[in-house]
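These protein sequence lines are chains A and B, in that order.
Going by our numbering, the first residue of the first sequence is number 11, and it counts up by one from there.
Going by our numbering, the first residue of the second sequence is number 11, and it counts up by one from there.
Written below as structure tokens is the structure these notes are about.
Number of protein chains: 2
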Amino acid sequence: MQRIGIDMDEVMADTIQYCLDLYNRDFRMQVAIDQLYGKNLFDVIETAHRPHVHNYFQSEEFFANIHVMEGSQETVRDLMTTYDVFVVSAAMDVPRSFSAKFEWLRQHFPFIPPGRIVFCGDKSIIAADYLIDDNIRNLTAFPGEGIIFTAHHNMHETRFRRVDNWDDVRRMFLSSAG
Amino acid sequence: MQRIGIDMDEVMADTIQYCLDLYNRDFRMQVAIDQLYGKNLFDVIETAHRPHVHNYFQSEEFFANIHVMEGSQETVRDLMTTYDVFVVSAAMDVPRSFSAKFEWLRQHFPFIPPGRIVFCGDKSIIAADYLIDDNIRNLTAFPGEGIIFTAHHNMHETRFRRVDNWDDVRRMFLSSAG
């Protein structure tokens with residue numbers, strides 16, 4: 011059985027959209043996700059606001075409230091019938107997020123066994139055939155085939171096969187259903 | 011550079027000794043580590059005491075107070091000059107232990123970068139040349155060469171090269187210093 015590693019933030023969890031929602035609320039702004047095209051979040055946030063936004067990521071509550079990426083639950087569940095699926099999240103930058111991320115996965119993806127969840131810093135440690143990830147650093151480090159999941163910041167990257175959404179993931183990995 | 015994964019509990023951290031210390035204190039017992047030879051902890055603890063001892067592992071404080079395994083700090087630091095070292099801990103059984111384990115590592119092994127720490131359930135996901143671990147299930151799942159670190163419960167296992175302590179690890183991996 012082939013193994014697929016799946017990143018969490020911006021692949022299973024709509025982290026940046028939730029962050030923008032909070033930012034727009036807290037500063038009465040109207041930044042839309044399209045304005046992040048080819049950029050990182052902190053490129054479009056006013057300098058004076060950055061410490062406040064940075065603090066979002068230090069809070070356990072933040073991770074608990076992120077929305078599920080559209081279509082991810084159904085497709086992950088279907089992938090699990092044909093592939094050995096692991097969730098592979100880089101959580102080491104925010105140690106306080108471990109428990110919140112774990113609980114989030116248990117709540118929204120209860121069909122993924124806890125033993126199939128990995129928190130790591132460097133994805134070169136992941137032994138899998140594929141890694142679906144939005145982060146170019148992770149995809150480059152990964153020893154198997156990296157599949158890039160489209161996010162605002164990675165639009166210009168061309169080195170990896172690309173999926174724009176969970177329908178694309180389904181088509182790529184479960185082609186008979188595509 | 012070859013990569014070594016190192017398990018945390020009973021390899022870097024003297025988990026069972028600390029657990030026995032608490033047990034002996036709480037129930038005025040005098041169970042010695044030798045009595046666990048070839049057995050698991052719960053085999054030697056009186057049935058009525060098991061729920062109490064089980065609860066030790068549910069507490070963040072428990073993980074914060076475990077002693078460092080003798081010689082581990084010096085040898086891990088020296089291994090890092092020649093090998094790519096990752097800490098690989100199975101923390102998924104006790105989700106509340108993530109932060110405590112992470113903080114423990116930062117305190118006692120500050121020279122290990124956070125990006126070199128992995129929390130997982132199933133060590134078949136670990137891409138490394140060696141895994142030093144006391145747990146037979148982990149060693150069997152691991153795709154590289156498993157090195158068994160002697161613990162009371164694994165005395166009868168013969169399928170892996172064995173190290174009894176951190177001096178043995180040093181001799182095996184840093185032979186010029188042996």
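Every residue gets a Cβ at the ideal spot worked out from N, C-alpha and C, and that includes glycine.
Given this structure, state the Cα-to-Cα distance separating G154 (chain A) from A138 (chain A), to the nearest angstrom. The alpha-carbon atoms of G154 (chain A) and A138 (chain A) are separated by roughly 6 Å.
Separation of D177 (chain A) from R171 (chain A), as counted between CA atoms: Those two C-alpha atoms are separated by around 15 Å.
Do the segment 129 to 138 of chain B and the segment 134 to 148 of chain A meet, that is, are 3 or more Cβ pairs less than 8 Å apart? A contact between stretches requires three or more CB pairs, one per stretch, nearer than 8 Å, and the segment 129 to 138 of chain B meets this requirement with the segment 134 to 148 of chain A.
So which residues on chain A does S69 (chain B) lean against when the C-beta distance must stay under 7 Å? Residues of chain A passing the Cβ test: none, with the nearest at roughly 14 Å.
I'd like the list of long-range same chain contacts for L32 (chain A), defined as Cβ closer than 7 Å, with 5 residues on each side in sequence excluded. Within its own chain, the residues whose Cβ lies closer than 7 Å to the Cβ of L32 (chain A), once the five positions on either side in sequence are excluded, are Y66, listed in chain order.
With three or more beta-carbon pairs closer than 8 Å as the criterion, would you say the segment 119 to 131 of chain B touches the segment 144 to 158 of chain B? Result no; under three Cβ-Cβ pairs closer than 8 Å.
Counting contacts by CB-CB distance shorter than 8 Å, is F119 (chain A) in contact with chain B? F119 (chain A) is outside the set of residues whose beta carbon lies under 8 Å from a beta carbon in chain B.
Which residues, in chain order, does the segment 93 to 107 of chain A contribute to contact with chain B at a C-beta distance below 7 Å? Under the 7 Å Cβ criterion, the segment 93 to 107 of chain A contributes F96, M102, P105 and R106.
What number of angstroms, rounded off, separates the C-alpha of S109 (chain B) from the C-alpha of S185 (chain B)? Going by the C-alpha atoms only, they are around 35 Å apart.
The alpha helix (DSSP H) spanning A74 (chain A) covers which residue range? Segment E70 to A74, the alpha helix (DSSP H) holding A74 (chain A).
Can you check whether the CB of V41 (chain B) is closer than 8 Å to the CB of D144 (chain B)? No, the Cβ-Cβ distance between D144 (chain B) and V41 (chain B) is not below 8 Å.
Looking at chain B, is there any beta carbon in it that lies within less than 8 Å of the beta carbon of V128 (chain A)? Answer yes: the Cβ-Cβ gap between V128 (chain A) and chain B drops below 8 Å somewhere.
What's the gap between the Cα of F121 (chain B) and the Cα of A101 (chain B)? Roughly 21 Å between the two C-alpha positions.
Note down, in chain order, every chain B residue with its Cβ under 7 Å from the Cβ of I136 (chain A). The contacting residues are I135 and A137.
Find the nearest neighbour of F96 (chain B) within the set A:F129, A:Q45 and A:E56, judged by alpha-carbon distance. Distances from the alpha-carbon of F96 (chain B) to those of A:F129, A:Q45 and A:E56 put A:F129 closest.
Using C-beta distances below 6 Å, list every residue in its chain close to F112 (chain A), excluding the 5 sequence neighbours before and after it, in chain order. Nothing meets the Cβ criterion.
Mind checking G188 (chain B): buried by the 16 CB within 10 Å criterion, or exposed? With a pLDDT of only 42 at G188 (chain B), under the threshold of 50, the placement of this residue in the model should not be trusted; the figure read from the coordinates follows. In this structure G188 (chain B) is exposed. Its beta-carbon is surrounded by fewer than 16 other beta-carbon atoms within 10 angstroms.
Quick check for students: name the residue ranges of the alpha helix (DSSP H) that lie wholly in the segment 24 to 99 of chain A, counting only runs of 4 or more. Within the segment 24 to 99 of chain A, the complete alpha helix (DSSP H) runs of at least 4 residues are 25 to 37, 51 to 54, 60 to 66, 70 to 74 and 82 to 89.
Using a Cβ-Cβ cut-off of 7 Å (strictly less than) and excluding sequence neighbours within five positions of R87 (chain A), which residues of its own chain qualify? F121.
Using beta carbons (cut-off 8 Å, strictly below), is G125 (chain B) in contact with chain A? Among the residues facing chain A, G125 (chain B) is included, as its CB has a counterpart in that chain under 8 Å away.
Whole alpha helix (DSSP H) runs in the segment 99 to 161 of chain A with 4 or more residues, listed along the chain? Counting only runs of 4 or more, we get 107 to 118 and 146 to 151.
What does DSSP give as the partner residues of R213 (chain B) in its beta bridges? The structure shown does not extend to residue 213 (chain B), since chain B spans only 11 to 188, so no value can be given for it.
Is H118 (chain B) closer than 8 Å to V78 (chain B) when the C-beta atoms are compared? Closer than 8 Å, so yes.
Whose Cβ in chain B lies nearer than 8 Å to the Cβ of G131 (chain A)? Those within 8 Å of G131 (chain A) in chain B are P123, P124, G125, R126, I127 and V128.
Hey, out of B:L149, B:L115 and B:L89, whose CA is closest to F183 (chain B)'s CA? Nearest C-alpha to F183 (chain B): B:L89.
Show which residues of chain B have a CB atom less than 8 Å away from the CB atom of P61 (chain A). Within chain B, no C-beta atom comes nearer than 8 Å to that of P61 (chain A); the closest sits roughly 21 Å away.
Less than 6 Å between C-beta atoms, sequence neighbours within five positions excluded: which residues of the same chain meet that for S107 (chain A)? Excluding positions up to five away in sequence, the list reads F73 and A101.
What does F183 (chain B) reach in chain A if we use C-beta pairs closer than 9 Å? Those within 9 Å of F183 (chain B) in chain A number zero; the least Cβ separation is about 18 Å.
Residues of its chain near A23 (chain B), where Cβ-Cβ distance is below 6 Å and the 5 sequence neighbours each way are ignored: Its chain contains I76 as the residues whose beta carbon lies nearer than 6 Å to that of A23 (chain B), once the 5 sequence neighbours on both sides are disregarded; these appear in chain order.
Are there 16 or more other CB atoms within 10 angstroms of the CB of H62 (chain B), so buried, or fewer, so exposed? Using a 10 angstroms sphere on the CB of H62 (chain B), the tally of other CB atoms stays under 16, which defines it as exposed.
Nearest chain B C-beta to F112 (chain A) closer than 8 Å, yes or no? Chain B places a beta carbon closer than 8 Å to that of F112 (chain A), counting this residue as a contact.
Identify whether D177 (chain B) lies in helix, strand or coil by the three-state DSSP scheme. D177 (chain B): helix per DSSP, three-state reduction.
Tell me whether L30 (chain B) is buried or exposed, calling it buried when 16 or more other Cβ atoms sit within 10 Å of its Cβ. Answer is buried; the Cβ neighbour count reaches 16.
Does any residue of chain B bring its CB to less than 8 Å from the CB of S82 (chain A)? Not one chain B Cβ lies under 8 Å of S82 (chain A).
Suppose you measure from the CA of L46 (chain B) to the CA of Q68 (chain B); what does that come to, to the nearest Å? Their Cα atoms are separated by approximately 22 Å.
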